[in-house]
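One structure is given below, encoded as structure tokens.
Residue numbers (our numbering), protein chains in the order written: chain A, 1 to 482; chain B, 1 to 482.
This is the structure in structure tokens:
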């Protein structure tokens, strides 16, 4: 979408310290990422927001393919009866589905549910695809839109319709399925850390927080700029629950017919919300270079037509060189003052700004400004391209490190429940938990904090349950969450 | 999906001459491209079919972006009232929509239509995005799923849900919009010819065949292997029809507020059906290299473990070299006889097969087989990679030329209606048409042939209308169509 000229100047972004929620909404709005649509709870993803999603898709898709996963596409509609076949699954999803009751001018015999997730429709089909152990593993992924009727929506974070990928795999053995579930969680962890620049804590969900129909749910949890958690990817070990409900069987090498072992895993456009909240500042969005639609914006500056032409021409020359090296570049040659341009591209989180004016041209140099640190640096034309690439790498690393430091500063161990109630506002709190759903529910009821996950790889240390004081050897992460 | 071992051998594809429709279904089935789903009229696009769609998307998307088009995403659901705002549009689409009446456990105040196309939901949003002529042109594309309730469905060709792209643009002037409409049609023409290897006839739809709500619809029409037509892409000049219905206005440079001029254009997964029918033969699918998920399949052959290892190792070496040159390669090292493998990859239309056995290894050569001509050729290892790339280019060109020759052979000019009735079975028929909707409707009623398009660039030649005999200076293409 063309940017409205000079208007952007007038809008201010609410400071995070004043109202974090307003700040978020302002950034989404002013970085032109998305907006609410006329349809309740549904969003319009604007070109700039969608370009970020495309970059996420491209990177994730390549990672899935190296695991041998193939893309396919299954129907948007699911017969209502399918959803009911797995008992826990229907309990979890039935309250939030949209239902098509009429089509082609007539009432349907059986209502169709708009997919809230595709386990049921896919596994019915898988049951006919799979005959013997030679057909396994079956590794399928789908990029699709999903509908879950939400009461309170926030752009990207929670919308009635969203975009996602959902992987669904079928395996011969329990071990293989368990292993694949964890492999895919690790793909998400790597993507979050290496590409999004967001450190995450991988772990297991509690029974009450797991996916409806799964045996176990693994997740990665990220800390946002207000100390709250965002579940940023989940991978479910489905065991044989759905296999039994949908008759996904195979003839094993030993000649016996067996139920298969399944997994599913997904991430969605909610990651864009996470990206905003993990790195954004009071000037707006801050993008890690790997997910920036434009990694570099070049602003040619000049007053006289000759000056403008000279700086435009130099801008084009540098842009061509950067693009030749695979850098995504935007030249902003609009006929308007530089100030509002700086302001606008800062709001949009472009990692590096290059300014080229008459003085720079005279000195064979350019001015560069980093979005993450606001650091300005004059760079000579010689070696410029390599220097810019180096800066982009530094920004990618710095954003991760900054987010990690922030999380470390906002993570603490707490034993005392009174202290917990205070500290869980804006922090990740590590506490012992006895494992009972009742204690978990009470903490949630009294503090609105939930167990985000039981982190992997912890040594069993003796302690007392935060809530009931009973013996516990498990530490969990409590936090408020999006 | 893993291929079931040795089973493929037993299935035969119905010859085209026996039953073209059965042949089509067999190819879709046996090349593992798609299947019917448990949901009426919806299809499951299997990995092999979806991989072709991904290649199409990638190529088209790059072409759109060179035109300055940006991707975005709009809601799946459209308030019923929106659809009704443009009179012709609702007439065209209302009978085939699926309607969500319940969601989140309650009846909705206003039913939501599942998008049959997105003009209405997008233009309502555009009306708020556009303020002045500086915001124009607005060039948006969306990759999405679409639902149109179809009574008779055929995989890829006509399904209740399908995948597509829909471009929607807004312009300052009528001329600019008209020009862009034609530019996008030309993008489709180039894609069809250069990538799909299918010659197409660009032209204009008649009033009765145009898009519901458009001023004019342009299209490209392709001939399938049975002489029938497939509309393979449309580009609509919407004029100000929707702008007036959705209040898409802008302040022009002259200070006056004006309604904008709009276009929309799309192609869908139906193109995969066209690909099958334009090139397929009695052995199955024949893919143009540019859209082949695997351009080369290598079959290592051997009896003893040593032979197998040696041919596998050579296969890997050649595959690595080809992949280094950007060629998509599959090594089929499954433990089964070569015959069924040949048969299977022929069915899947892989352009080039390379066989490597003990004799080939001894001679430093390989056997290559072209899918399009069945020509076998022994190639020496020296210069092999270039030779394979050359063959792939030849296949791409040959498929286009073959399809063009076929169309030329099956296109004729007819003046006499009795002769027309006979010739229109399996041919494109060029005939004069007086321009009346009545004559067009009568011909359709009596022969089931429709006017596919009024081809561009024809010299006005005097003649007589095929049906009524009145004077006419316009030649149109009649054909039966999918």
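Don't be surprised by glycine CBs; every beta carbon is placed ideally from N, CA and C.
Given the structure is predicted, the values throughout are model-derived calculations rather than measurements.
Anything in chain B within Cβ reach of residue 335 of chain A, meaning under 9 Å, just list it in chain order. Correct list: empty, because the minimum Cβ distance to chain B is about 10 Å.
The segment 239 to 254 of chain A contacting the segment 282 to 301 of chain A, beta-carbon criterion three pairs below 8 Å: no
Residue 456 of chain A to residue 323 of chain A, Cα distance in whole Å? 41 Å
Cβ closer than 8 Å: which chain A residues qualify as neighbours of residue 71 of chain B? 47, 50, 51, 54
List the DSSP bridge partners of residue 365 of chain B. B:380
Using DSSP bridges, identify the partner residues of residue 284 of chain B. B:281
From the DSSP output, in three-state form, read off residue 7 of chain B for me. Any reading at residue 7 of chain B is ruled out, since the residue's pLDDT is 46, under 50, leaving its predicted position unreliable.
Beta carbon of residue 138 of chain A, beta carbon of residue 68 of chain A: below 7 Å? no
When the distance is taken between beta carbons, is residue 219 of chain A closer than 7 Å to residue 234 of chain A? yes
Any chance the segment 272 to 279 of chain A sits against the segment 300 to 309 of chain A, with 3 or more Cβ pairs inside 8 Å? no
Which residues in chain A sit within 8 Å of residue 491 of chain B, going by Cβ to Cβ distance? In the structure as shown, chain B starts at 1 and stops at 482, and residue 491 of chain B therefore has no counterpart that could be examined.
C-beta contact flag for residue 381 of chain A and residue 405 of chain A at 7 Å: no
If you run the structure through DSSP and keep just helix, strand and coil, what is residue 253 of chain B? coil
Along the segment 76 to 102 of chain A, what residues have a CB closer than 9 Å to any CB found in chain B? 76, 77, 78, 79, 82, 94, 95, 96, 97, 98, 99, 100, 101, 102
Span separating the alpha-carbon of residue 89 of chain A from that of residue 31 of chain B: 34 Å
CA-to-CA distance, residue 267 of chain A to residue 62 of chain A, given in whole angstroms: 15 Å
Can you look up residue 119 of chain B in the DSSP assignment and give me helix, strand or coil? helix
Counting only Cβ pairs nearer than 8 Å, list the residues of chain A close to residue 37 of chain B. 74, 75, 121, 125
Report the partner residues of residue 37 of chain B according to the DSSP bridge assignment. Paired residues: none, contrary to the question.
Considering residue 422 of chain A, what are the terminal residues of the beta strand (DSSP E) in which it resides? Residue 422 of chain A -> not in any beta strand (DSSP E); alpha helix (DSSP H) instead, spanning 417 to 423.
Going by DSSP in three states, residue 375 of chain B sits in which element: helix, strand or coil? coil
Measure from the C-beta of residue 500 of chain A to each C-beta in chain B and report whether the shortest distance is under 7 Å. Within the shown structure, residues of chain A are numbered from 1 to 482, placing residue 500 of chain A beyond reach of any answer.
Start and end residues, beta strand (DSSP E) containing residue 544 of chain B: Shown here, chain B extends from 1 to 482; a query on residue 544 of chain B therefore has no answer.
Is the shortest distance between the beta-carbon of residue 266 of chain A and the beta-carbons of chain B less than 7 Å? no
Interface flag, residue 323 of chain B vs chain A, CB-CB below 7 Å: no
Would you call the segment 152 to 168 of chain A and the segment 251 to 260 of chain A touching, i.e. three or more CB-CB distances under 8 Å? no
Output needed for residue 224 of chain A: all residues of its chain with C-beta closer than 8 Å, excluding positions within five of it in sequence on either side, in chain order. 230, 274, 277, 278, 482
Please report whether the beta-carbon of residue 326 of chain A lies at a distance below 7 Å from any beta-carbon of chain B. no
To the nearest angstrom, how far is it from the Cα of residue 26 of chain B to the Cα of residue 287 of chain B? 16 Å
With 16 as the cutoff for other CB atoms within 10 Å, does residue 7 of chain B come out buried or exposed? Caution is warranted here: a pLDDT of 46 is assigned to residue 7 of chain B, below 50, making its placement in the model unreliable, and the coordinate value is therefore given only provisionally. So residue 7 of chain B counts as exposed.
Since residue 453 of chain B contacts residue 477 of chain B with CB under 8 Å, what's their CB separation in whole angstroms? 6 Å
Keeping to the same chain, check which residues put their C-beta closer than 6 Å to that of residue 252 of chain B; ignore five residues upstream and five downstream. 133, 258
Every unbroken alpha helix (DSSP H) inside the segment 261 to 323 of chain B [4 residues or more]: 270 to 279
Beta-carbon separation of residue 118 of chain A and residue 437 of chain A under 7 Å? no
Does any residue of chain B bring its CB to less than 7 Å from the CB of residue 149 of chain A? yes
Check the C-beta distance from residue 285 of chain B over to residue 191 of chain B and give it rounded, since I have them as a contact under 8 Å. Not quite, the Cβ-Cβ distance comes to about 19 Å (not below 8 Å), so this is no contact.
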